[in-house]
Structure formats: structure tokens, C-alpha cells
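J.:
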Amino acid sequence: DVRFVRVCVLYADKTSSPSDIFKFLHQKGVGSRTALFWIAWAWVAEKADDYRFAEKVYLKGLSKKAKPTKMLEQRHKQFQRRM
1 DVRFVRVCVL YADKTSSPSD IFKFLHQKGV GSRTALFWIA WAWVAEKADD
51 YRFAEKVYLK GLSKKAKPTK MLEQRHKQFQ RRM
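Each step along the sequence shown adds one to the number in this note's numbering, with nothing skipped, and position 78 is 78.
Here it is in C-alpha cells:
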């Protein structure tokens, strides 16, 4: 449910190591079908200057056909323009 994913993203944003939260959620399969999960995780990687990992996160989300797909595609293109 995207509402739960939104709460998890907000929680991760308030922690000292948000990437650990996303890794845990990914291991448990939470949010893998929502674009918000992948966009937020990629943003965390980008903020940490881990651009390669951010690209991998976007591609993984796209391969999982996370919804809404169009939003994920747009954010991925925006990321690529920034790089």
C-alpha cells in the first residue's frame, strides 16, 4: 500500500542512515511495486553522492514495473539530466 510506503519514506528521512531503512524494506519486499519507494531510495543515494547506485535503483524500479510507471520514468530522466 502506497500509504504505508509513504510513512516508511518519511521515517527514513528522519533517521541518521536512511539507506539502511531502504535496504531493510527491500529485503522484506516492502514497497517494491511503488514508484515512490524507488524514487526516494534513489534520492537518498544521490544525496550521498552515490550516483551509480542511484542509477541502479531507478533501473531496478523500472524492471519491477513499479507504479505509477510514468512518474518513475520521469524522475529517472530528470536524474540522468542532472548527471
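Where a beta carbon is used, it is the ideal one built from N, C-alpha and C, also for glycine.
1. Do L36 and Y58 come within 9 Å of each other at the CB atom, strictly closer than that value?
2. Would you mind sorting F22 into buried or exposed? The rule is 16 or more other CB atoms within 10 Å of its CB.
3. Thinking just about the alpha-carbon of each residue, which of S19, H76, V9 is nearest to the one in G31?
4. Counting only runs of 4+ residues fully inside the segment 10-50, write out the alpha helix (DSSP H) ranges in chain order.
5. Could you tell me how far apart the beta carbons of F53 and A45 are, in whole angstroms, since I believe they sit closer than 8 Å?
6. By the three-class DSSP mapping on this structure, what secondary structure does K60 have?
T.: Taking the structure as given:
1. no
2. buried
3. V9
4. 18-28, 35-47
5. 4 Å
6. helix
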